[in-house]
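In terms of our numbering, the sequence shown is residues 1 to 627.
Glycine residues also receive a C-beta, built at the ideal position from the N, C-alpha and C atoms.
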Amino acid sequence: MSFQTEVKQLLHLMIHSLYSNKEIFLRELVSNASDACDKLRFQALKDDALADGQELRVRISADKEANTITIEDNGIGMSRDDVINNLGTIAKSGTAEFLQSLTGDERKDSQLIGQFGVGFYSSFIVAKAVDVYTRKAGLPAAEGVHWHSAGEGEFDIEPIEKEDTGTRIVLHLKAEESEFADTWRLRNLIKKYSDHISVPVQMLQEAPAQESEEDKEETAPDWENVNSAKALWTRPKSEISDEEYQELYHHISHDFGDPLTWSHNKVEGKLDYTSLLYIPKKAPFDLWNRDRVRGLKLYVNRVFIMDDVEQFLPLYLRFVKGIVDSNDLPLNVSREILQSDSTIESIKTAMVKRVLDMLDKLAKKKPDEYQGFWEEFGQVLKEGPAEDFANKEKIAKLLRFATSHTGDAKQDVSLADYIGRMKDGQEKIYYVCADNHQTAKNSPHLEVFRKKGIEVLLLSDRIDEWLMGYLQEFDGKALVDVARGGLDLGDIDTEEEKQAQEKANDEHKDLLERVKSLFADEVEDVRMTHRLVESPACVVVGDNDMGAQMRRIMEAAGQEVPDSKPIFELNPDHPLVTRLESETNEERFADLANILLEQARLAEGSSLHDASGFVARLNKLLLEMMD
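In structure tokens:
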């Protein structure tokens, strides 16, 4: 059988470019073997026939003469279909995307490997060929499988007779990688990378130097544990080094980079559980796939129960990795029980609080590192106020925005920062939504705010308008869309300005009626505005209508949107509006009014209803100016 074409490229890149540290292959294979043992434990809870009484373990041996390494486990094993699916297809959900993301920066690219499920293939960094002998638990001995590949684009597979269940991997080392066939070298690597794994990792005990060859042959192999085989999270925090925490993260997340921060906590009393939560530095490539596997690892009394348990954390915290070990959950726990068990809800509440506290602490003590987190996961965190009403205020403190004061697109201003520099008399937090930062920054709705020196949040992420539908206030201050409804600046406006605003609609009543009659089918209302300084006109959304950005997103997705019309506002002090008011020729009046409305739509980020008509009217106006 053949690998896919892009997979052959991927193997070549992995072997020759991506891994800066060759020894990492052993950690990946031991982690896979440990996972296989954990899976058998779980299956044995439901099927007693799979529990044969053997101690689950991983055994590693080396043969210097043959230049081979063997990694063997007595875990769940694989069937023929499993072998083809797991070993014959590399990163099947994202190989092409992975290849496109490679930049040639070895250190940066190597961090991507663990996100694509290709750890097994790190074997080919040191091996010229790999043999896998496996038999799935519950299948007869005759249904063993042998898989072989030299990592050159093809693999062989055949049925074999295998007496025991589990998987045995034999690496045929390259001549230049013979250092890894040394038992002491392997022992050091196991201690370095896999000491935390709860499954014992064993190697043959070194025979005494005076023991004869005949004695060695008569004595049964004596396997000894090399790792501590104790769950890291069960040890006191004071006894665990940062390096050990990081290695556990590598094991459970398959991420080659170190975590940004972590929190290890033991709870005793009404609930009894231990949690170890990690915040990654980098977002996985499939973060926006809502069907992606996510969640924490669940253990009960140190026995592995379930991988990727979604019930402990809401969807907006799907980037968090970690472990929960609870003594309060029954061993026969199932997904349905997890969903309805009140203990799970209590643990979930505590987990969410702990993650948000971790982020809040990071934001206060290490703002630069938090900014890096925000750039990776900020848009995911913005889902929080809609999903988690109870923690809406805590999440709001963690949000970051670009603003009209900073000018650039970097989202680094918190709502607390904004409130701290509000103008005297300002009682509201103002924001504008647009399809991109430049459109938001240049929105005509900001003109009066620039004039008065009022800061406005510039929102350009696709999720922002949806977010603001749920985040309506912060710290007692209402959040107001400057492109929606009537604009009330409160005490910031002077009495003279307020009186002028009231007079404008009466003084220009005839003009407003003419324009409203012209656009009766296109706009809800026409009125004079004080929000504009330099622009002649703008369109605003009614207080209860869907925002323009959200409307465009839903329409692009083929979703039905409720019927609504914008409000057309004119700047009474602009020369073009004055010219429009004095125009007696109805055809010219209609052309100029149409140009003003279409310009306002363009400035908002909307597309024109009649682009060719707009061009024709604009050309006609230009020709008149030339004449």
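Give the secondary structure of residue 149 by DSSP, where H, G and I count as helix, E and B as strand, and everything else as coil.
Translated into positions along the sequence shown, residue 149 becomes position 149. Strand at residue 149.
Find out if the Cβ-Cβ distance for the pair residue 129, residue 142 is shorter than 9 Å.
Within the sequence shown, the letter at position 129 stands for residue 129. Within the sequence shown, the letter at position 142 stands for residue 142. No. Outside cutoff.
On the three-state DSSP scale, how would you describe residue 199?
The sequence position of residue 199 within the sequence shown is 199, counting from 1. Under the three-state reduction of DSSP, residue 199 is assigned to coil, being neither helix nor strand.
Counting only C-beta atoms, is residue 485 closer than 9 Å to chain D at any point?
Looking at the structure shown, chain D is missing, and only one protein chain is on hand.
In this structure, does DSSP put residue 344 in helix, strand or coil?
Stepping through the sequence shown from its first residue, residue 344 is reached at position 344. Of the three classes helix, strand and coil, the one that applies to residue 344 here is helix, per DSSP.
For residue 634, count the other beta carbons within 10 Å of its own beta carbon; 16 or more makes it buried, fewer makes it exposed. Which is it?
Past the boundaries of the shown model lies residue 634; the chain is included only from 1 to 627, so the question cannot be answered.
Does the beta-carbon of residue 315 have 16 or more other beta-carbons within 10 angstroms, so that it is buried, or is it exposed?
Numbered from its first residue, the sequence shown carries residue 315 at position 315. Its Cβ having fewer than 16 others within 10 Å, residue 315 is exposed.
Report, in whole angstroms, the separation of the C-beta atoms of residue 568 and residue 515, which I expect to be a contact under 8 Å.
The count along the sequence shown starts at 1 and reaches residue 568 at position 568. The count along the sequence shown starts at 1 and reaches residue 515 at position 515. The pair is a contact, with the Cβ atoms about 7 Å apart (cut-off 8 Å).
So if DSSP puts residue 74 in a beta bridge, which residue, or which two residues, is it bridged to?
In the sequence shown, counting from the first residue as 1, residue 74 sits at position 74. According to DSSP, which records beta bridges pairwise, residue 74 is partnered with nothing at all.
Using the rule of at least 16 other Cβ atoms within 10 Å of the residue's Cβ for burial, across every protein chain shown, is residue 400 buried or exposed?
Along the sequence shown, read from residue 1 onward, the residue named residue 400 stands at position 400. So residue 400 ends up on the buried side.
Could you check where the alpha helix (DSSP H) with residue 136 kicks off and where it finishes?
To locate residue 136, count along the sequence shown from 1; it is residue 136. First-last for residue 136: undefined, no H or E at that position.
Roughly how many angstroms separate the alpha carbons of residue 197 and residue 188, rounded to a whole number?
What you label residue 197 is simply residue 197 of the sequence shown in a count that begins at 1. What you label residue 188 is simply residue 188 of the sequence shown in a count that begins at 1. If you take the alpha carbons of residue 197 and residue 188, they lie about 15 Å apart.
Measure how close the beta-carbons of residue 155 and residue 358 come, nearest whole angstrom, since I'm counting them as under 8 Å.
As a working note, residue 155 is residue 155 in the sequence shown. As a working note, residue 358 is residue 358 in the sequence shown. Going by Cβ atoms, the distance from residue 155 to residue 358 rounds to 43 Å, so no, they are not a contact pair.
Given a cut-off of 9 Å, decide if residue 325 and residue 231 are closer than it, judged by their beta-carbon atoms.
By 1-based counting over the sequence shown, the position of residue 231 is 231. By 1-based counting over the sequence shown, the position of residue 325 is 325. Contact: yes.
Ordered along the chain, which non-local residues of its own chain (more than five positions away) have a Cβ less than 8 Å from that of residue 309?
By one-based count along the sequence shown, residue 309 stands at place 309. Result list for residue 309: 295, 296, 297, 298, 324 and 338, in chain order.
Would the stretch 417-433 count as touching the stretch 353-368 if we require 3 or more Cβ pairs under 8 Å?
Contact fails: fewer than three Cβ-Cβ distances are below 8 Å.
Which term fits residue 236, buried or exposed, when burial requires 16 or more other beta carbons within 10 angstroms of its beta carbon?
Within the sequence shown, numbered from 1, the residue matching residue 236 stands at position 236. Exposed, since its Cβ has fewer than 16 Cβ neighbours within 10 Å.
According to DSSP, residue 154 sits in a beta bridge with which residue or residues?
Sequence index remark: in the sequence shown, residue 154 carries index 154 (1-based). The partner list for residue 154 (beta bridge, DSSP) reads 2.
According to DSSP, is residue 578 helix, strand or coil?
As a working mapping, residue 578 is identified with position 578 in the sequence shown. In the structure shown, the three-state DSSP call for residue 578 is helix.
Using three-state DSSP, classify residue 358 as helix, strand or coil.
For the purposes of this step, residue 358 is identified with residue 358 of the sequence shown, where counting begins at 1. Of the three classes helix, strand and coil, the one that applies to residue 358 here is helix, per DSSP.
Quick one: give me the first and last residue of the alpha helix (DSSP H) that residue 527 is part of.
Along the sequence shown, one-based indexing puts residue 527 at 527. Unbroken run through residue 527 is the beta strand (DSSP E), 525-528; no alpha helix (DSSP H).
Could you check how far apart the C-beta atoms of residue 279 and residue 373 are, in whole angstroms? I think they sit under 8 Å.
Within the sequence shown, numbered from 1, the residue matching residue 279 stands at position 279. Within the sequence shown, numbered from 1, the residue matching residue 373 stands at position 373. Indeed they touch by this definition, with Cβ atoms about 7 Å apart.
Less than 9 Å between the beta carbons of residue 88 and residue 134, yes or no?
Residue mapping note: residue 88 aligns to position 88 of the sequence shown, counting from 1. Residue mapping note: residue 134 aligns to position 134 of the sequence shown, counting from 1. Not in contact: residue 88 and residue 134 (Cβ atoms no closer than 9 Å).
Any chance the stretch 452-466 sits against the stretch 428-437, with 3 or more Cβ pairs inside 8 Å?
yes
Who pairs with residue 166 in a beta bridge, going by DSSP?
To locate residue 166, count along the sequence shown from 1; it is residue 166. Partner(s): 135.
Identify every residue that forms a DSSP beta bridge with residue 159.
The residue labelled residue 159 in the question sits at position 159 within the sequence shown. Residue 159 is bridged to 145.
State the beta-bridge partners of residue 262 as determined by DSSP.
Stepping through the sequence shown from its first residue, residue 262 is reached at position 262. DSSP, once it has assigned bridges, lists 278 as partnering residue 262.
Taking DSSP as the reference, what is the three-state secondary structure of residue 474?
Within the sequence shown, numbered from 1, the residue matching residue 474 stands at position 474. In this structure, residue 474 counts as strand in the three-state DSSP scheme.
Quick one: residues in its chain with C-beta nearer than 7 Å to the C-beta of residue 437, no 5 flanking neighbours on either side, listed in chain order?
If you number the sequence shown from 1, residue 437 lands on position 437. Excluding residues within five positions, the ones whose Cβ falls inside 7 Å are 402, 409, 458 and 460.
Quickly, what does DSSP pair residue 225 with across the bridge? List them, please.
Looking up residue 225 in the sequence shown gives position 225. For residue 225, which the question treats as bridged, DSSP gives the partners 202.
Three-state secondary structure (DSSP) at residue 584?
Residue 584 sits at position 584 when you count from the first residue of the sequence shown. Three-state DSSP puts residue 584 in coil, outside helix and strand.
Identify, in the order they occur along the chain, each residue of the same chain with its Cβ nearer than 6 Å to the Cβ of residue 536, setting aside the five sequence neighbours on each side.
The residue labelled residue 536 in the question sits at position 536 within the sequence shown. Excluding positions up to five away in sequence, the list reads 571, 574, 576, 577 and 596.
Using a Cβ-Cβ cutoff of less than 7 Å, which residues in the same chain neighbour residue 560 once the five nearest sequence positions on both sides are dropped?
As a working note, residue 560 is residue 560 in the sequence shown. Short of 7 Å from the beta carbon of residue 560, and not among the five residues preceding or following it, lies no beta carbon of its own chain.
Can you name, in chain order, every residue of its own chain whose Cβ lies under 6 Å from the Cβ of residue 464, other than the five neighbours on each side?
Counting from one through the sequence shown, the residue named residue 464 turns up at place 464. Taken in chain order, the residues that qualify are 433.
Give the DSSP bridge partners of residue 609, in chain order.
Along the sequence shown, read from residue 1 onward, the residue named residue 609 stands at position 609. Per DSSP, none; premise fails for residue 609.
Whole angstroms is fine: what's the gap from residue 348's alpha carbon to residue 273's?
Here the question's residue 348 lines up with position 348 in the sequence shown. Here the question's residue 273 lines up with position 273 in the sequence shown. Approximately 12 Å, taken between the alpha carbons.
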